[in-house]
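Step one of this worksheet: look at the structure below.
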Amino acid sequence: MKKIILLFCLVTFSCSSGGGDSDSNSNDPNNNTDPIIGSWRLINEEIISGDWGDSCRGCFMEGDSGSPDVFIFTETQVTKIVWECHPEDGSLCTDEETYGPANWINIGSNMYSIDGETLQVTFIGNNQMQTPFEDGDITQTWEKFN
């Protein structure tokens, strides 16, 4: 009888101590439930402050020569692919540039650390996010496409 009770206690303890997969990733800030994981395409840039004049902008408008900027977040790394377009006619300022892959971590409160730099994110539903750019002078809106 003691063996049965001991066996029951061991089984109960092992089930309650996190031996299953359901909670094993709850302390992992980069688990696959993080809403930032996926591929994001730039769909808008809005100037909040400052005089940007003829400065180049991200390519996202119909007719732009470049492709829309893309963020690709995996469970541990991020890559950003950027094209810059002239604001008046959408012609290219700079061709495709790739940044990364770089390591990232969720530091809480919709803040992410990417190789030591902080990225603030505002999620809009399940498929859009906004990020400040150029010290908050520009807000970029991104749409999840994968």
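Residues 51 to 196 (the numbering used here) are what the sequence shown spells out, left to right.
Note that CB positions come from ideal geometry on N, CA and C, so glycine has one too.
Model, not experiment: these values are computed from the prediction.
query	result
For Phe110, tell me which candidate among Glu125, His136, Phe123 has the shortest Cα-Cα distance.	His136
For the beta strand (DSSP E) containing Ile188, list its first residue and its last residue.	188-194
Run the CB neighbour count on Gly108, radius 10 Å, all protein chains shown included, and call it buried at 16 or more, exposed below.	buried
Identify which residue in Phe183, Glu193, Trp192, Ser159 has its Cα closest to the Cα of Ser99.	Phe183
When the Cα of Ser117 is compared with those of Ile155, Ala152, Asn94, which residue comes out closest?	Asn94
Kindly indicate which residue of Val120, Asp165, Val128, Glu146 has the alpha-carbon position closest to the one of Trp192.	Val120
Considering only C-alpha positions, which residue in the set Ser89, Gln190, Asn196, Asn156 is nearest to Glu96?	Gln190
Quick one: complete beta strand (DSSP E) runs, 3+ long, within the region 89-129?	120-123
Are Gly88 and Ser115 closer than 8 angstroms when you measure CB to CB?	no
Roughly how many angstroms separate the alpha carbons of Asn75 and Ile157, rounded to a whole number?	The predicted model places Asn75 with a pLDDT of 35, which falls under 50 and marks its position as unreliable; any figure quoted below should be read in that light. Rounded to the nearest angstrom, the two C-alpha atoms are 15 angstroms apart.
Check whether the region 121-128 and the region 146-156 touch, using three or more Cβ-Cβ pairs below 8 angstroms as the test.	yes
Do Glu147 and Cys106 count as a contact pair if the criterion is CB distance below 8 angstroms?	no
Ignore the nearest five residues each way along the sequence and tell me which others in Trp90's own chain have a CB closer than 8 angstroms to its CB.	Val120, Phe121, Ile122, Phe123, Met179, Trp192, Glu193, Lys194, Phe195
Kindly indicate the opening and closing residues of the beta strand (DSSP E) around Asn153.	142-158
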